[in-house]
Every structure is written in structure tokens, then in C-alpha cells.
Amino acid sequence: MTARAAVSEFDFIHDLKSLSDPNHALNLEDDAAALPAGDVICTDTLVESVHFLGRETPQDLAHKLLAVNVSDVVAMNARPTHALLNLTLPSYCDPTWRAGFIEGLGQACELFSVQVLGGDTTRSPGPLVLSATLLGMLEERQMWRRAGARVGDLVCVGGTIGRGALGLDDMMTGTTNSAAALHFKRPMPRLDLLGCDGVSGCADVSDGLVADLAHICRASGVSSTLDLSRIPYADPSADWALQATGGDDYELVFTLSPTASLPAGCTVVGEIVPIQGDGTVALQGPADMIEATLAQSGYEHF
Numbered sequence: 021m022t023a024r025a026a027v028s029e030f031d032f033i034h035d036l037k038s039l040s041d042p043n044h045a046l047n048l049e050d051d052a053a054a055l056p057a058g059d060v061i062c063t064d065t066l067v068e069s070v071h072f073l074g075r076e077t078p079q080d081l082a083h084k085l086l087a088v089n090v091s092d093v094v095a096m097n098a099r100p101t102h103a104l105l106n107l108t109l110p111s112y113c114d115p116t117w118r119a120g121f122i123e124g125l126g127q128a129c130e131l132f133s134v135q136v137l138g139g140d141t142t143r144s145p146g147p148l149v150l151s152a153t154l155l156g157m158l159e160e161r162q163m164w165r166r167a168g169a170r171v172g173d174l175v176c177v178g179g180t181i182g183r184g185a186l187g188l189d190d191m192m193t194g195t196t197n198s199a200a201a202l203h204f205k206r207p208m209p210r211l212d213l214l215g216c217d218g219v220s221g222c223a224d225v226s227d228g229l230v231a232d233l234a235h236i237c238r239a240s241g242v243s244s245t246l247d248l249s250r251i252p253y254a255d256p257s258a259d260w261a262l263q264a265t266g267g268d269d270y271e272l273v274f275t276l277s278p279t280a281s282l283p284a285g286c287t288v289v290g291e292i293v294p295i296q297g298d299g300t301v302a303l304q305g306p307a308d309m310i311e312a313t314l315a316q317s318g319y320e321h322f
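What follows is the structure, encoded as C-alpha cells:
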């Protein structure tokens with residue numbers, strides 16, 4: 021969505037590791053941190069013209085703000101419980117806008133069983149910035165980590181891949197009511213996959229399937245294959261490379277023990293293999309699709 025600068029998002033995160041809590045920040049390589057009680061916490065920010073276009077309704081924005089954080093908590097195998105909100109509001113966020121945002125937030129809180137603890141609001145001459153911090157509870161479930169993948173595990177995805185990228189394209193061309201555009205505006209995190217047996221490593225697909233699988237590989241010290249022809253694309257007739265790398269899907273990519281049962285609605289798309297280079301993802305499939313996918317990369321904030 022933005023031009024890449026010299027310093028990447030992950031370089032910045034690496035520089036913050038020395039300031040992080042070594043016991044609970046999990047080396048800053050997972051979707052959320054671990055609280056001392058065994059719970060998890062995450063935070064995510066949406067910035068106008070970066071994460072959303074400014075054409076969305078305030079109800080849409082409230083839903084998406086909560087949903088992207090819920091997705092991070094679910095990726096750790098935790099159930100979302102409480103949220104803190106920080107809202108930086110430009111002048112166009114008048115009482116009507118605020119009423120719509122509160123309406124959408126209430127609907128999302130009910131949908132995801134989340135309660136708001138509080139937060140902060142401020143005025144700004146700049147763009148609309150929405151941030152949430154979300155708490156989650158493991159409730160006797162084992163925490164999923166990006167660092168858990170092991171050689172021989174299967175690489176799996178939930179649902180379909182590509183709706184986020186296709187939805188952004190639709191929104192940018194004025195097609196705001198397509199199924200993909202509705203997903204872009206109001207993604208649905210995979211709460212139904214909580215507690216699945218045999219999961220060894222997991223991340224939510226926010227930066228793009230290829231990039232998020234690479235995050236798992238690097239954290240786990242392994243590599244993986246990824247068969248482009250086996251990915252369950254949202255639209256098999258549309259650009260595979262765009263769908264595999266575009267992000268904003270908020271599905272889960274996870275590694276699964278080969279002896280475990282594949283959860284309903286999930287697809288095996290690859291396998292974890294011994295490390296090659298820096299946790300690389302070896303693409304398989306038609307040569308032209310591999311070339312097109314390699315020419316793109318997952319979303320980076322810097």
C-alpha cells in the first residue's frame with residue numbers, strides 16, 4: 021500500500037527486542053505477547069490512507085479495528101476478552117461519525133464477545149488513526165507460537181486466501197459491495213479454529229500468505245514448501261500472485277503434525293523442511309506463477 025523505505029518494519033522490531041520483556045514479549049516474533057497469568061495481549065493500529073481508504077463507514081472501521089486484533093489473539097490460540105482503544109480523530113469525525121463508530125463497535129464487541137476496558141481519544145489535524153490493545157485468555161489451551169513448527173509438519177491454511185487483496189482492488193475501483201470488498205471492510209477472524217489439536221506453529225494472514233509463512237519459518241528455524249496450485253484462492257480465475265502475497269485475509273496459516281486430523285475447512289498447502297538460508301519458503305507450482313509471486317512480496321509498513 022505504501023512505497024518501501026530503506027528500513028523495514030522487521031528491522032525496526034528487531035531493534036526493539038533489547039527493550040522488551042524477555043519472559044513475556046516472546047522475543048517480539050509472535051502475534052501477541054504472553055501475560056504472566058498465561059494470557060495474551062496484542063495491539064494493532066489502522067491509519068487512514070495506509071490501512072483503509074477513507075471511504076469506509078465508521079461502523080466498518082470499528083469492526084475492522086476490533087477484528088484485526090481478534091485475529092492476532094486467535095493466532096495464539098486465545099479467546100479475546102477485553103479491549104483498550106486509542107483514537108486520534110480529525111475534524112470530520114463529528115457527532116454523527118462518532119455515533120456510527122460506537123454503533124459498529126458495539127456490534128463487533130457482541131460478535132467477538134469482547135468488553136471495552138477504556139482507552140484514550142485525541143484530536144489531530146492529521147489522518148484518522150485508530151488503535152486497539154486486546155487481551156485474550158488461553159483457558160487451558162496450549163499457546164500457539166510462530167516458533168513451534170517442526171520438520172515434517174504440514175503447512176495448512178484456513179478458509180480462502182486472497183479476499184483481502186481482491187477486496188482492496190475492488191474498493192479502489194469503486195466496487196464497494198462485492199464479497200471481497202465486504203471482507204476487506206469487515207474481516208472475520210477464525211475463532212472457530214481455537215483449540216484445534218496438533219497445531220505446532222501459527223500466524224494470522226495479515227501481511228500475505230507467503231510473508232506470514234516465512235515469519236513462522238524464521239521463528240522456528242526451518243524452511244517450508246508452498247504449492248501455489250494447492251492454495252484455496254478466493255477467486256481461482258484472478259491473479260494468484262496477488263492473492264498469495266496481498267494480505268488482509270485474516271485467515272490462519274499454521275503447521276500441523278502429520279498425525280493430526282486436518283480441521284474442517286482447512287487445506288494443506290506445503291510441508292516444513294530443514295532450514296535453507298534464512299527460513300526460506302520454496303514455492304512450487306507452474307513456473308510462471310512462481311516467477312510472478314517472487315516478483316511481489318508481502319505487505320510491509322516501512
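Position in the sequence shown (from 1) plus 20 gives the number in our numbering.
Every residue, glycine too, gets a C-beta built ideally from N, C-alpha and C.
None of the values given here were measured: they were computed from a predicted structure.
Between which residues of its own chain and Asp-325 is the CB-CB distance below 8 Å, once the five residues before and five after are set aside? Residue 325 is absent from the model: the chain starts at 21 and stops at 322.
Buried or exposed: where does Phe-32 fall if 16 or more other Cβ atoms within 10 Å of its Cβ makes it buried? As a working mapping, residue 32 is identified with position 12 in the sequence shown. With a pLDDT of only 49 at Phe-32, under the threshold of 50, the placement of this residue in the model should not be trusted; the figure read from the coordinates follows. In summary, Phe-32 is exposed, with fewer than 16 beta-carbon neighbours lying within 10 Å of its beta-carbon over all protein chains present.
Quick check on the burial criterion: 16 or more other C-beta atoms within 10 angstroms. Buried or exposed for Asp-269? Taking the sequence shown and counting its residues from 1, one reaches residue 269 at position 249. Answer is buried; the Cβ neighbour count reaches 16.
Cβ neighbours of Pro-306 in the same chain (closer than 6 Å, five flanking residues each side left out): Here residue 306 is taken as the residue at index 286 of the sequence shown, counted from 1. Cβ neighbours of Pro-306 within its own chain (closer than 6 Å, five residues either side excluded): none.
Chain-order list of residues whose beta-carbon lies under 6 Å from that of Ala-167 (same chain, five-residue window excluded): Position 147 of the sequence shown holds residue 167. The beta carbon of Ala-167 is closer than 6 Å to those of Ala-239, Ser-240 in its chain, skipping five residues each way along the sequence.
Thinking Glu-271 and Val-225 are a contact (beta carbons under 8 Å), I'd like their distance in whole angstroms, please. On the sequence shown, position 251 is the one that residue 271 refers to. On the sequence shown, position 205 is the one that residue 225 refers to. Here Glu-271 really is in contact with Val-225; their C-beta atoms are around 5 Å apart, less than 8 Å.
Closest residue to Gln-135 among Val-67, Val-90, Val-171 (Cα-Cα distance): Along the sequence shown, read from residue 1 onward, the residue named residue 135 stands at position 115. Minimum Cα distance to Gln-135 is reached at Val-90.
Extent of the continuous beta strand (DSSP E) to which Met-96 belongs: Indexing the sequence shown from 1 puts residue 96 at position 76. Careful: Met-96 lies outside any beta strand (DSSP E) and carries neither H nor E.
Throw me the rounded Cβ distance for the Thr-313 and Val-230 pair, which I believe falls under 8 Å. Your numbering for residue 313 matches position 293 in the sequence shown. Your numbering for residue 230 matches position 210 in the sequence shown. About 7 Å separates the CB atoms of Thr-313 and Val-230; that is less than 8 Å, so the two are in contact.
Assumed close pair Met-163, Asn-97 - CB separation to whole angstroms, cut-off 8 Å: Against the sequence shown, residue 163 aligns to sequence position 143. Against the sequence shown, residue 97 aligns to sequence position 77. Met-163 to Asn-97, Cβ: 6 Å. Contact.
Thinking C-beta only, is Val-67 closer than 9 Å to Leu-155? For this step, residue 155 is matched to residue 135 along the sequence shown. For this step, residue 67 is matched to residue 47 along the sequence shown. Not a contact, by the Cβ cut-off of 9 Å.
Which whole-angstrom value is the C-beta distance of Leu-125 and Leu-86, which I expect to be below 8 Å? By one-based count along the sequence shown, residue 125 stands at place 105. By one-based count along the sequence shown, residue 86 stands at place 66. Confirmed, about 7 Å.
Endpoints, alpha helix (DSSP H) assigned at Arg-183: For the purposes of this step, residue 183 is identified with residue 163 of the sequence shown, where counting begins at 1. That run of the alpha helix (DSSP H) goes 183-192.
Between the alpha carbons of Leu-213 and Asp-114, how many angstroms are there, rounded? Counted from its first residue, the sequence shown places residue 213 at position 193. Counted from its first residue, the sequence shown places residue 114 at position 94. Rounded to the nearest whole angstrom, the CA to CA distance from Leu-213 to Asp-114 is 38 Å.
I need the straight-line Cα distance from Ser-151 to Val-219, nearest angstrom please. Position 131 of the sequence shown, counted from the first residue, corresponds to residue 151. Position 199 of the sequence shown, counted from the first residue, corresponds to residue 219. So the alpha carbons of these two residues sit roughly 29 Å apart.
What are the boundary residues of the alpha helix (DSSP H) that Gln-263 is part of? Taking the sequence shown and counting its residues from 1, the one referred to as residue 263 is at position 243. Note, Gln-263: alpha helix (DSSP H), 260-265.
Status (buried if at least 16 other CB within 10 Å, exposed otherwise) for Ile-122: Within the sequence shown, numbered from 1, the residue matching residue 122 stands at position 102. When all chains shown are included, Ile-122 counts as exposed.
Does the beta-carbon of Glu-160 have 16 or more other beta-carbons within 10 angstroms, so that it is buried, or is it exposed? Walking along the sequence shown from the start, residue 160 turns up at place 140. Under this definition Glu-160 is an exposed residue.
Bridge-paired residues (DSSP) for Glu-291: For this step, residue 291 is matched to residue 271 along the sequence shown. Residue pairing of Glu-291 in beta bridges, as defined by DSSP: Leu-174.
Note the first and the last residue of the continuous beta strand (DSSP E) segment covering Cys-222. Translated into positions along the sequence shown, residue 222 becomes position 202. Counted as a single uninterrupted DSSP element, the beta strand (DSSP E) harbouring Cys-222 occupies residues 219-224.
Provide the residue(s) that pair with His-102 in DSSP beta bridges, ordered along the chain. Taking the sequence shown and counting its residues from 1, the one referred to as residue 102 is at position 82. Its beta-bridge partners are Gln-135, Leu-155.
Whole-angstrom Cβ separation of Arg-210 and Gly-179, contact assumed at under 8 Å? By one-based count along the sequence shown, residue 210 stands at place 190. By one-based count along the sequence shown, residue 179 stands at place 159. That pair is a contact at about 7 Å.
If the criterion is Cβ atoms closer than 9 Å, does the pair Leu-137 and Ala-103 meet it? Sequence index remark: in the sequence shown, residue 137 carries index 117 (1-based). Sequence index remark: in the sequence shown, residue 103 carries index 83 (1-based). Here Leu-137 is near Ala-103, since their CB atoms are less than 9 Å apart.
To which residues does DSSP link Gln-304 through a beta bridge? Within the sequence shown, numbered from 1, the residue matching residue 304 stands at position 284. According to DSSP, Gln-304 bridges with Asp-247.
Can you say whether Ala-23 is buried or exposed, counting buried as having 16 or more other CB atoms within 10 angstroms of its CB? Residue numbering aside, residue 23 sits at position 3 when the sequence shown is read from its first letter. In this prediction, Ala-23 scores a pLDDT of 36, lower than 50, which makes its location untrustworthy; the coordinate-derived value is nonetheless stated afterwards. Here Ala-23 is exposed: its Cβ has fewer than 16 other Cβ atoms, across all protein chains shown, within 10 Å.
So for Thr-313, helix, strand or coil by DSSP? Along the sequence shown, read from residue 1 onward, the residue named residue 313 stands at position 293. Of the three classes helix, strand and coil, the one that applies to Thr-313 here is helix, per DSSP.
By DSSP, does Asp-114 sit in helix, in strand, or in coil? Taking the sequence shown and counting its residues from 1, one reaches residue 114 at position 94. Note: Asp-114 maps to coil in three-state DSSP.
According to DSSP, simplified to helix, strand and coil, what is Arg-238? Reading the sequence shown from its first residue, position 218 is the one you call residue 238. In this structure, Arg-238 counts as helix in the three-state DSSP scheme.
Environment of Ala-284 [buried if 16+ CB atoms lie within 10 Å]: Residue mapping note: residue 284 aligns to position 264 of the sequence shown, counting from 1. Of the residues assessed, Ala-284 falls on the exposed side of the cut-off, its CB having fewer than 16 other CB atoms within 10 angstroms.
Along the chain, where does the alpha helix (DSSP H) that runs through Phe-204 open and close? In the sequence shown, counting from the first residue as 1, residue 204 sits at position 184. Where Phe-204 is concerned, the enclosing alpha helix (DSSP H) stretches over 199-205.
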